[in-house]
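Line order of the protein sequences matches chains H and R. Using full-length UniProt numbering, the letters of the first sequence correspond one by one to residues 1 to 274. Using full-length UniProt numbering, the letters of the second sequence correspond one by one to residues 1 to 274. Cβ atoms here follow ideal geometry from the backbone N, Cα and C, with glycine treated the same way. As the structure is a prediction and not an experimental result, all values here were calculated from the model. First up is the structure itself, then whatever we jot down about it.
There are 2 protein chains.
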Amino acid sequence: MEVKMAKNYGFCFGVKRAIEIAQKNKNSVSLGPLIHNPKEIERLERDFNVRVQEDVGAIKSQKSVIIRTHGIPKDDLALLQDEGVRIIDATCPYVIKPQQIVEKMSAQGYQIVIFGDANHPEVKGVISYSSTPPLVVASLAELQTQKLGKRVALVSQTTKQTPKLLEIASFLITHCAEVRIFNTICNATFDNQEAVRDLSQEVDIMVIVGGKSSSNTKQLFNIAKEFCADSYLVEDFNDLDPTWFVGKTLCGISAGASTPDWIIADVREKILGF
Amino acid sequence: MEVKMAKNYGFCFGVKRAIEIAQKNKNSVSLGPLIHNPKEIERLERDFNVRVQEDVGAIKSQKSVIIRTHGIPKDDLALLQDEGVRIIDATCPYVIKPQQIVEKMSAQGYQIVIFGDANHPEVKGVISYSSTPPLVVASLAELQTQKLGKRVALVSQTTKQTPKLLEIASFLITHCAEVRIFNTICNATFDNQEAVRDLSQEVDIMVIVGGKSSSNTKQLFNIAKEFCADSYLVEDFNDLDPTWFVGKTLCGISAGASTPDWIIADVREKILGF
């Protein structure tokens, strides 16, 4: 099997930074998984004793806590601060931006619209910075049923697709007097998505490598499927099924922003062997 | 010939208001034509002695001047005020809005983008309220060659097409960190355009009635042509050519926001007779 890598893929700035922070802070805990890649989380626990704690209440007794790349809700942060826990902030700077924007715009009286998944930890964090209840919509269809104000501020989960953000923006522009749009989709997301859009149109089969709960990985997979019916999402080489490759000659590979190179290399190696 | 009128067409709020103002102020002058309809301007001069003066310098000696629906540049207004001329403001309130927005946003450091025709009087007026040189673009293609700042405010000439404003907005959203979008396309324009979009898809021939220098009339004509190859722009019934209607059964009619009912009625009457 011939293999072609996407022009851009894999680790982004925020993930690299968070992993370096974790490796420098052995024996600490992170509140929720640091990044959405179970294999890398396993490695950090095994090699650096960085453990995952899901319950903010249980962290009280810990000496130090790493804040995950996705950020955490404002109240959780306040709770940790009140407890005197040492906070090591690995929130991606591109995630801090929508938090700050939502805080400022809601204070200025703008109705907040967040394009994102309400249950994703990044979005939960962003929501918590709004002083008024924001509208959280995962699609244009969800927005169309909502009551809109005259002055609206729009931010996006950093890993969403730009064309879908533009659909939502266009709807707001035609229904509101003023729309203040902050394109908070991060550049790595945008570049990785563009690269998958290109590559999936020239291959027989696409393999996206990444965590199954990783938002940016799922978006890459969704884009790949649009252009290449034979697209698959795998967490590592064990998920590869040789029957997928029967009759295929060229396989495209991309990987989410939280997928480490060692996992991608193993997947690539195994596919080359088919 | 059967005739079908568009669902919305003709005189808008701002034009009606301006004509009422002119009729109440006999023997006055307007700085430039009050509205972009030569036949109606002739009627106002003939019946109310409201004359058109193109040169702001020549108005010095006049007792009172009517400001046209399109507004005038800030400096011209200041000149008239300094001269002690009595100002009767017939600027459409929907045109005052982009003037105010551009003044405020440029003062706050936003790069101003105006979607409009730089030579149209409305746009000249809006430009004059920007404290920094604005980008004035008549199309997305014109915008793509420009250097953009991080924080941009976008307004539109009131008579432009919404889908084209959305194209420009989308480009800005993908190229700037913050885009503040004020949808200043007026409702009458939007409704008239939507109605032409619908009607031109169900008729054999479309006739748009309005002044040939009227921006909103030209937009209606452009939309009609998109969907109905046999579309024509006429200023009044004299422009109708019977050969256009040969072999046609259903004629759609719409009219610009500055086209008076009496002109439209004459056009309709003549078409019914073909």
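is_contact[residue i, chain H] using C-beta, thresh 9 Å
i, result
"N183/R", "yes"
"I173/R", "yes"
"V126/R", "no"
"E178/R", "yes"
"S170/R", "yes"
"T189/R", "no"
Whole-angstrom distance between residue j and residue i, CA atom to CA atom
i, j, result
"I253/R", "A188/R", "16 Å"
"I112/H", "V207/R", "44 Å"
"E226/R", "Q193/R", "12 Å"
"R151/H", "L172/R", "19 Å"
"T162/H", "V102/R", "28 Å"
"D75/H", "K97/R", "41 Å"
"A138/R", "A118/R", "8 Å"
"residue 275/R", "K7/R", "In the structure as shown, chain R starts at 1 and stops at 274, and residue 275/R therefore has no counterpart that could be examined."
"I181/H", "P242/R", "51 Å"
"I185/H", "N222/H", "16 Å"
"M105/H", "D55/R", "45 Å"
"Q146/H", "F274/H", "50 Å"
"L240/R", "Y232/R", "9 Å"
"K218/R", "K212/R", "7 Å"
"V52/H", "T132/H", "31 Å"
"N183/R", "L77/R", "25 Å"
"N25/H", "L34/H", "13 Å"
Residue j beta carbon less than 9 Å from that of residue i
i, j, result
"A255/R", "I263/R", "yes"
"A153/R", "Y110/R", "yes"
"L165/R", "S156/R", "yes"
"residue 312/R", "I114/R", "Because chain R here runs from 1 to 274, residue 312/R falls outside it and cannot be looked at."
"G32/R", "P93/R", "no"
"G71/R", "V126/R", "yes"
"S128/H", "P73/H", "yes"
"V234/H", "V267/H", "yes"
"E45/H", "I19/H", "no"
"D89/R", "I67/R", "yes"
"L143/R", "I168/R", "yes"
"D261/H", "G10/H", "yes"
"T259/H", "S214/H", "yes"
"V203/H", "L272/H", "no"
"V65/R", "R86/R", "yes"
"K270/R", "I205/R", "no"
"L22/R", "V50/R", "A small fix is needed here, since residue 22/R is Ala in this sequence, not Leu. Yes. Within cutoff."
Residue environment, residue i, which counts as buried when at least 16 other CB atoms sit within 10 Å
i, result
"K160/R", "buried"
"L220/H", "buried"
"P134/H", "buried"
"N238/R", "exposed"
"A229/R", "exposed"
"Q99/R", "buried"
"E178/H", "buried"
"V209/R", "buried"
"A224/H", "buried"
"N27/R", "exposed"
"S30/R", "buried"
Interface flag, residue i vs chain R, CB-CB below 9 Å
i, result
"C186/H", "no"
"S106/H", "no"
"L34/H", "no"
"T91/H", "no"
"L165/H", "yes"
"T145/H", "no"
"T162/H", "yes"
Residue i (DSSP reduced to helix, strand or coil)
i, result
"Y232/R", "strand"
"M1/R", "coil"
"I264/R", "helix"
"Q99/R", "helix"
"F237/R", "helix"
"R43/H", "helix"
"A81/R", "It should be pointed out that residue 81/R corresponds to Gln in this sequence rather than to Ala. DSSP places Q81/R in helix when its eight states are reduced to three."
"R151/R", "strand"
"V203/R", "coil"
"E194/H", "helix"
"V15/H", "helix"
"E226/H", "helix"
"L34/R", "coil"
"N182/H", "Inspection of the sequence shows that residue 182/H is occupied by Phe rather than by Asn. If DSSP states are grouped into helix, strand and coil, F182/H belongs with the strands."
"V246/R", "coil"
"A255/H", "strand"
"G114/R", "Here residue 114/R is Ile; the residue named in the question, Gly, does not match the sequence. Looking at I114/R - three-state DSSP - the assignment turns out to be strand."
"Q53/R", "strand"
Closer than 9 Å to chain A by CB, residue i
i, result
"T174/H", "In the structure shown, chain A does not exist; the protein chains are H and R."
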